[in-house]
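Heads up, the thing below is written out as structure tokens.
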Amino acid sequence: MKPNMIVGALALTSVFMAGHLQAADGTVHFRGEIIDSTCEVTPETKDQVVDLGKVNRTAFSGVDDVAAPTAFSIDLTQCPETFKSAAIRFDGNEDAHGNGNLAIGTPLDNSNDAAAGISPSDNSGDYTGAGAVSAAKGVAIRLYNRADNTQVKLYENSASTPISNGNASMKFMARYIATETTIDPGTANADSQFTVEYIK
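Numbered according to mature numbering (1 follows the signal peptide of the UniProt record, and there is no 0), the sequence shown spans residues -23 to -1, 1 to 177.
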């Protein structure tokens, strides 16, 4: 009998609490749409490795100095006719200095390095600085729209790219950027997930 009494007491408590919360202080409007399908991200660009190479720390003479850019793209195919353009939102750990830059030292995933032609000895290593190979300090990764060299900040949409005949190629660049006056050498790896934002 005790379990039934407990359930009954909880039910009554819920009813009484609901009676105290009937005043309407505002409204939340939810908006959305159910669609047939979205574009497909090509396998080559859905999970890719962008090799920023080996950069001498003397290439940075001060804060906000940048290294040479490395181009990459995210390609869409089989897009529905209802979508006219698309943009990309990159997520990840923002550098402690802010400015929408990607922090060095986000979780290691070098499983695709070999397929991309990158030797693990060149690109593997500790992301956090806790292992035998330390992560670099004083630098971050900045992303750009390739067309106009404008920054793509984390958690913000990139410039939109038109979708033509069901396809789109969104082109970007990545650079190392100095965030401190003193730079410590080490591995400079980072991972970023991305989301495709569609525009009708």
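Glycine residues also receive a C-beta, built at the ideal position from the N, C-alpha and C atoms.
When the beta-carbon positions are compared, V18 and R152 stay at least 8 Å from each other. Taking the Cα positions, E157 is about 5 Å away from G115.
With a 10 Å radius around the Cβ and a threshold of 16 neighbouring Cβ atoms, D24 comes out exposed.
T22: member of the alpha helix (DSSP H) spanning P20 to K23, first to last residue.
Taking a C-beta distance under 8 Å as the contact criterion, A136 and A145 do not qualify as a contact pair.
Cβ neighbours of G163 within its own chain (closer than 6 Å, five residues either side excluded): S111, A112 and A113. Cβ-Cβ distances below 6 Å link G9 to nothing in the same chain once the five nearest sequence neighbours on each side are left out. Listed in chain order, the non-local C-beta contacts of I176 below 8 Å within the same chain comprise F60, K61, S62, A63, A64 and S137, local neighbours out to five positions each way being set aside.
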